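First up is the structure itself, then whatever we jot down about it.
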Amino acid sequence: MKILVATEKPFAKKAVDGIRQIVEGAGYELALLEKYTDKSELLSAVADVDALIIRSDKVTAEVIEAARNLKIVVRAGAGYDNVDLVAATARGIVVMNTPGQNSNAVAELALAMMIFMARNGFTPGTGSEIQGKTLGIHAYGNVGRLVGRKGKAMGMNVIAYDPFITDSAVFEADGVKKVNSVEELYKNSDYLSLHIPATEQTKGSIGYDLLMSMPKGATLVNTARKEVIDEQGVMKALTEREDLKYITDIAAGIQSELNEKFGRRVFATAKKMGAETAEANINAGLAAANQIVDFFKNGNTRFQVNK
Ligand code: NAD
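Here this note's numbering runs 687 ahead of the position in the sequence shown, where the first position is 1.
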């Protein structure tokens with residue numbers, strides 16, 4: 688079996704060394720195509736490979752056509768819209784992502800941004816503490832759980848809402864109180880950390896009414912997805928209530944516009960950076976290699992996204 692790591696933006700050396708160890712340890716061959724500048728390099732590199740590990744690299748129908756032996760593509764990371772799923776599925780190629788590998792990075796950023804906001808953006812003046820405040824977690828998945836546990840460790844009172852987790856033990860194990868509606872969650876949260884995926888149900892669902900229901904001085908933190916926000920509604924609530932605050936990791940490019948309108952009550956990262964840690968990149972690379980080995984040896988398709 689030949690496994691190709693094709694990365695325009697290469698993994699850290701530590702990740703490549705780890706991938707090599709996993710691949711060669713399983714008795715397979717590793718090939719590397721790093722920092723390629725032309726699509727033709729990728730097209731010729733994939734010609735004889737059985738498996739492909741990528742980052743944001745584009746696996747188009749043309750790439751799939753050129754990869755005659757390809758059986759599996761793993762996107763080291765969460766999003767996989769850079770892979771042509773229709774073309775892959777038509778050829779019976781399994782496509783996977785590596786969910787959860789960057790969750791800790793995102794969770795740390797969410798907590799860090801809450802403290803940043805509580806301390807007036809680290810500018811002089813009296814701030815506040817997050818200890819003793821209520822942290823509401825909207826969706827208790829991979830990231831939400833880590834934010835919940837870290838919030839507890841920081842002395843916060845943590846509540847969470849996730850209608851798809853019916854087993855209360857999941858919340859109890861973390862000392863987190865499960866609430867039964869979105870309304871109850873927002874109404875009681877001094878800090879609201881958003882971790883819902885963008886689905887038909889969630890798109891544009893976080894807006895005016897929910898924000899207006901939050902306690903005095905509350906902060907909305909979005910490290911999830913841009914699409915879930917009803918931007919006009921959020922802006923209207925921020926305009927009407929000067930005590931509300933908003934932190935976002937998914938609205939790059941609008942910081943100065945937001946600052947002009949709302950001053951330091953709003954903070955937007957310059958570029959989506961939730962998952963931007965060395966550790967997250969390494970974790971995702973190693974997970975990709977492990978998933979490929981597990982697929983070839985045991986037929987495990989747990990993380991397949993084109994089932
Ligand atoms: P996950 O799949 O592990 O968890 C998502 C959770 O959302 C699940 O528990 C599910 O039950 C719940 N859910 C689904 N629909 C819901 C609804 N309508 N109401 C309430 N809960 C609902 O996902 P994750 O890895 O925790 O990621 C969470 C979010 O973070 C996603 O939107 C993801 O795109 C985003 N993310 C952002 C970054 C970043 O760089 N900022 C990085 C990774 C992930």
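Ideal Cβ placement from N, Cα and C applies to all residues, glycine included.
All of these numbers come straight from a predicted model, not from anything done at the bench.
message = Would V1004 and L719 qualify as a contact pair, given that the criterion is a beta-carbon distance under 8 Å?
response = Only positions 688 to 994 of the chain appear in the structure, and residue 1004 is not among them; the question remains open.
inquiry  = Whether or not the segment 909 to 921 and the segment 873 to 886 are in contact is what I'm after, with contact meaning three or more pairs of Cβ atoms, one per stretch, closer than 8 Å; do they touch?
reply    = yes
inquiry  = Quick check: the segment 743 to 763 against the segment 912 to 932, are at least 3 beta-carbon pairs closer than 8 Å?
reply    = no
Bridge partners - A955, DSSP secondary structure assignment = The residue labelled residue 955 in the question sits at position 268 within the sequence shown. Bridge partners of A955: T935.
inquiry  = Less than 7 Å separating the Cβ of N791 from some heavy atom of the ligand FAD?
reply    = You won't find the ligand FAD in this model; what it holds is the ligand NAD.
query = Helix, strand or coil: which one does DSSP assign to T694?
reply = As a first step, residue 694 must be located in the sequence shown, where it is residue number 7. In this structure, T694 counts as strand in the three-state DSSP scheme.
request  = Give the range of the beta strand (DSSP E) segment to which G808 is assigned.
outcome  = Your numbering for residue 808 matches position 121 in the sequence shown. Note, G808: premise wrong, no beta strand (DSSP E); not H, not E.
inquiry  = So for Q991, helix, strand or coil by DSSP?
reply    = If you number the sequence shown from 1, residue 991 lands on position 304. Note: Q991 maps to strand in three-state DSSP.
key: Of the residues D861, G972 and F851, the one placed nearest K839, counting alpha carbons only   = In the sequence shown, the residue the question calls residue 839 occupies position 152. It is D861 whose Cα lies nearest to the Cα of K839.
query = Taking the beta strand (DSSP E) that M901 falls in, what are its first and last residues?
reply = The residue you call residue 901 lines up with position 214 of the sequence shown. First-last for M901: undefined, no H or E at that position.
ask   = Do the segment 825 to 843 and the segment 916 to 923 touch if we need at least three Cβ pairs shorter than 8 Å?
value = No: the two stretches stay apart, fewer than three of their Cβ pairs being nearer than 8 Å.
request  = Output yes or no for whether 8 Å exceeds the beta carbon distance between Q978 and V761.
outcome  = Locating residue 978 in the sequence shown gives position 291, where the first residue counts as 1. Locating residue 761 in the sequence shown gives position 74, where the first residue counts as 1. Yes; because the gap between Cβ atoms is below 8 Å, this pair is in contact.
Distance cut-off 7 Å: R778 Cβ against heavy atoms of the ligand NAD = Working through the sequence shown from its first residue, we reach residue 778 at position 91. Checking the Cβ of R778 against the ligand NAD gives no.
task = Give every residue of the same chain whose Cβ lies closer than 7 Å to the Cβ of A702, excluding the five residues on either side of it in the sequence, and list them in chain order.
result = Locating residue 702 in the sequence shown gives position 15, where the first residue counts as 1. Cβ within range, chain order: N968, I969, G972 and L973.
ask   = Thinking C-beta only, is V782 closer than 8 Å to L772?
value = In the sequence shown, the residue the question calls residue 772 occupies position 85. In the sequence shown, the residue the question calls residue 782 occupies position 95. In this structure, L772 sits near V782, with a CB-CB distance shorter than 8 Å.
query = Less than 7 Å between the CB of G705 and some heavy atom of the ligand NAD, yes or no?
reply = Here residue 705 refers to the residue found at position 18 when the sequence shown is read from its first residue. No, Cβ of G705 sits at least 7 Å from all heavy atoms of the ligand NAD.
key: Reduced DSSP secondary structure (H/G/I, E/B, other) of G823   = Here the question's residue 823 lines up with position 136 in the sequence shown. Of the three classes helix, strand and coil, the one that applies to G823 here is strand, per DSSP.
request  = Using alpha carbons as the reference points, say which of N993, T935, A955 and R989 lies closest to S943.
outcome  = Taking the sequence shown and counting its residues from 1, the one referred to as residue 943 is at position 256. Out of N993, T935, A955 and R989, A955 has the C-alpha closest to the C-alpha of S943.
inquiry  = Closest to V830 by C-alpha separation, out of S743, A765 and T906, would be which residue?
reply    = Position 143 of the sequence shown, counted from the start, is the residue given in the question as residue 830. Of the candidates S743, A765 and T906, the one whose C-alpha sits nearest the C-alpha of V830 is A765.
inquiry  = From the DSSP secondary-structure annotation, give me the bridge partner or partners of S892.
reply    = Locating residue 892 in the sequence shown gives position 205, where the first residue counts as 1. DSSP, once it has assigned bridges, lists no residue as partnering S892.
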